[in-house]
Amino acid sequence: MSSDKNRKFGFETRMLHAGQIPDPHVGARAVPIYQTTSYVFQDAEQAAELFDLKLYGNIYTRISNPTTAVFEERVASLENGTGAVALASGMAAQFAVFMTLLEPGDEIVASAHLYGGTVTQLTHTLKKLSIGVRYVDPCNLKAWEEAITPKTRCLFGETIGNPGGSILDLQALSALADSRKIPLIVDNTFATPYLCRPIDWGATIVTHSATKFLGGHGTSIGGAVVDSGKFNFARFPTIADPSPSYHGLRFFDTFGHYGFLMKLRVETLRDTGACISPTNSFLLIQGLETLSLRMERHVSNAMGVAKFLAEHPKVARVNYAGLPDSPFHDLAKKYLPKGPGAVFSFDLKPIGGDAREAGRRFIESLELFSHLANVGDARSLVIHPASTTHQQLSDEELAAGSVGPGLVRLSVGLETLEDLIWDLDQALAAL
Amino acid sequence: MGLGSGASCAISLNTVLTPEQQALYQDTGCIRDTLDQAKTIAIVGLSSERQKASYFVATYLKREGYRVIPVNPRGGTILGETVYPDLKSIPEKVDLVDVFRPAGEVSDIVDQAIAIGAKAVWTQLRILNFEAAEKARAAGLNVVMDKCVKMEHGRFCGGLHWAGMNTEIISARRPRR
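Chains as they are written, first to last, in our numbering: chain A, 1 to 431; chain B, 432 to 608.
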């Protein structure tokens, strides 16, 4: 085989081809949906060797599936990782990372700018497993450093924080994690690998809610864990020590840079059961095939909308790192040069002293933006936390969570930009 | 077996070799040729313990259709195959010598590999001996260093893909059955 076959293919080529070579039996060009729970063994010995992890292969779709494998390898390729495991949701994906890495008594140091569901998972659910979390201002490197204790086993943050739009200083954080010999875990849901690849900046593990921009059409819930393969787990007990559930198998010793993901798949995913449906994998693969095209339009529309809002007299503030006056603009230029995503928030000025009422009325006046609790759809989405997800909180409590009563979060879709601006303009006029 | 026909790039993850050394000892074409042409693989340092990496590799290669010959001074049988104390004692032709022994022993293993007419020497992850590698290359053997033979075979034959790993193989061609 000559070395002219040694080629690093471009991002767009890998969006379409990575993880799928047409199968020799049928030659199907689209990725087939293997809607099957289980797989027939060749013989008893092969079955035993599969269960013993000595062979690669499929046993049961809770652990692996050929359609899902295409999705996994494609996401791994786009993130420049060594591999990936897909799960039922983004929440399941990050939970699987923590369940694989951590033991009772361990601690996580996490950014305070996280999706609310992640905060409850870290604060309350992991607490039941005696895992602690310390939140820090993600923009304050010294705060990260000071929060690390001998119990700290990983750092965790979002490339683009939800909903404030802060940008993680990936290079500085990965250097800090390296110096403490702990992995840096980055949720890259809002950026997608088209806008930012945290592994290229030194992150160890990347998580995704594939439900959002990776799938991109609001059809399917799914998640993924990607490993860089670069972290030395030799002294990390949960990955390096003999596993009691596999006859003393030492995953890092046996599987090397695949050890973490192997353990996550055959222990955590096997035992917690949060597997993705093969049909959802198929739909998410369809999304990946147009990721770059969609993200280009998402960020250009987001920039257009942000500029419009920033100049509108009824808008108090726009929190988008793409705007030059954002405190995160420089970090965004460094880590997200194509644009800092398409999800951002802005604050409405109060009507007669009532910003909460302004938010409620604004949402109800919109025609094109869908009022719902999701982001990353091809369609434009909107939510007003103070009248929905955060409605039980007082104005003071909202302020403590840096969610103002007039704060509105947008996920800017792929519609005609002029139509989006028209819609926002007419809804603002109704205030 | 059947190694796919797709183009691929060299995986540079998880190796301590420099890019120049990777070009010499981890060339994708050389790896595929070696795996494609080998029928008999002697595994030097194969352990009889079922949870050791070498045992995983041997089980896998056997299932994939290779004739596997264990080499270990302890003797006996492993996976139903007679264990030989060294390469010189193997009474049949060996195509590939796969090494699970410390770097200091590789030079002697290479001498024996050359003497028995093996076509390739492969040292597993983190087993580095450049002098021995050059000696083998000078004698016309293919040399692969700091790679796992199971991972590489799994990469080109689809198994690693099923585990969600990044094979970096891209092809729109339909492989022959």
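Heads up, the beta-carbon is just placed ideally off N, CA and C, and yes, glycines get one too.
The ligand HEM heavy atom lying under 6 Å from the CB of residue i
i, result
"SER166/A", "In terms of ligand content, the structure shown is empty, and the ligand HEM therefore cannot be addressed."
is_contact[residue i, chain B] using C-beta, thresh 7 Å
i, result
"SER77/A", "yes"
"LEU16/A", "no"
"GLY10/A", "no"
"SER2/A", "Reliability of the predicted coordinates at SER2/A is poor, the pLDDT of 40 falling under 50, and the value obtained from them is presented with this limitation in mind. Yes, because at least one Cβ of chain B sits closer than 7 Å to the Cβ of SER2/A."
"TYR258/A", "yes"
"GLY83/A", "yes"
"ILE63/A", "no"
"ASN6/A", "yes"
"ALA69/A", "yes"
"HIS247/A", "yes"
"PRO104/A", "no"
"PRO183/A", "no"
"THR152/A", "no"
"GLU267/A", "no"
"GLY27/A", "yes"
"GLY229/A", "yes"
"THR416/A", "no"
"GLU364/A", "no"
"THR254/A", "yes"
"PRO163/A", "no"
"PRO244/A", "no"
Cross-strand partners of residue i (DSSP beta bridge)
i, result
"PRO501/B", "ILE474/B"
"ARG317/A", "ASP347/A"
"ASN609/B", "Any question about residue 609/B goes unanswered here, given that chain B covers just 432 to 608."
"GLN186/A", "Strictly speaking, residue 186/A in this sequence is Val, with Gln absent from that position. DSSP output for VAL186/A lists GLY157/A and VAL206/A as bridge partner(s)."
"THR513/B", "THR508/B"
"VAL225/A", "VAL85/A and THR207/A"
"ARG409/A", "SER345/A and ILE383/A"
"MET596/B", "GLY83/A"
"HIS113/A", "Partner(s): none; HIS113/A has no beta bridge."
"ASP354/A", "ILE351/A"
Closest by C-alpha distance to residue i, when choosing among the options
i, options, result
"THR207/A", "LEU431/A, ALA306/A, ASP187/A and VAL133/A", "ASP187/A"
"GLY359/A", "GLN391/A, GLY117/A, PHE251/A and VAL343/A", "GLN391/A"
"THR389/A", "THR238/A, ALA373/A and LEU102/A", "ALA373/A"
"GLY571/B", "GLY548/B, MET596/B and PRO522/B", "GLY548/B"
"ASP354/A", "GLY406/A, LYS307/A and LEU336/A", "GLY406/A"
"ARG294/A", "GLY19/A, GLY57/A and THR416/A", "THR416/A"
"GLU599/B", "LEU414/A, LYS8/A, GLU396/A and PRO340/A", "LYS8/A"
"SER538/B", "TYR491/B, GLY511/B, VAL475/B and GLY589/B", "VAL475/B"
"GLY216/A", "LEU173/A, PRO237/A and GLY376/A", "GLY376/A"
"ASP657/B", "VAL530/B, ARG607/B and CYS588/B", "In this structure chain B extends from 432 to 608, so residue 657/B is not present and cannot be described."
"LYS349/A", "VAL318/A, SER326/A, THR100/A and ASP106/A", "VAL318/A"
"PRO22/A", "PRO66/A, ASP52/A and PHE98/A", "PRO66/A"
"GLU364/A", "LYS307/A, SER387/A and SER411/A", "SER387/A"
"GLY287/A", "CYS196/A, GLY259/A, PHE71/A and ASP106/A", "PHE71/A"
"GLY341/A", "PHE98/A, ARG14/A, ASP241/A and LYS212/A", "LYS212/A"
Buried/exposed call for residue i, threshold 16 Cβ in 10 Å
i, result
"HIS584/B", "buried"
"LYS578/B", "buried"
"HIS257/A", "buried"
"GLN42/A", "exposed"
"GLN426/A", "exposed"
"SER245/A", "exposed"
"GLY90/A", "buried"
"HIS384/A", "buried"
"LEU261/A", "buried"
"HIS124/A", "exposed"
Proximity test, Cβ basis, 7 Å: residue i and chain A
i, result
"GLY435/B", "Residue placement at GLY435/B cannot be trusted, given a pLDDT of 45 that sits under 50; the coordinates are not used to answer."
"THR490/B", "yes"
"PHE531/B", "no"
"ARG568/B", "no"
"THR459/B", "yes"
"HIS592/B", "yes"
"LEU572/B", "no"
"PHE487/B", "yes"
"ARG494/B", "yes"
Practice problem: Return the residues of the stretch 48 to 59 of chain A that lie within a Cβ-Cβ distance of less than 8 Å from chain B, sorted by chain order. | Solution: Taking 8 Å as the upper bound on Cβ-Cβ separation, chain B lies near residues GLU49, ASP52, LEU53, LYS54, LEU55, TYR56, GLY57 and ASN58 of the stretch 48 to 59 of chain A.
*Using Cβ-Cβ distances below 8 Å, what residues of the stretch 594 to 607 of chain B are close to chain A?*
Residues passing the 8 Å Cβ filter: ALA594, GLY595, MET596, ASN597, THR598, GLU599, ILE600, ILE601, SER602, ALA603, ARG604, ARG605, PRO606 and ARG607.
For this session: Could you name the residues of the stretch 472 to 484 of chain B whose beta carbon sits closer than 9 Å to any beta carbon of chain A, in the order they occur along the chain?
Result: Cβ contacts with chain A come from ARG481, GLN482, LYS483 and ALA484.
- Chain-ordered residues of the stretch 526 to 556 of chain B with a beta carbon less than 9 Å from chain A: Going along the stretch 526 to 556 of chain B in chain order, one finds LEU556 with a Cβ nearer than 9 Å to chain A.
### Query
What residues from the stretch 507 to 519 of chain B come within 7 Å of chain A, judged by C-beta to C-beta, listed N to C?
Answer in chain order: no residues at all.
* To do: Please name the residues in the stretch 389 to 400 of chain A whose beta-carbon is closer than 9 Å to at least one beta-carbon of chain B, in chain order.
  => If the cut-off is 9 Å between Cβ atoms, the stretch 389 to 400 of chain A has nothing near chain B.
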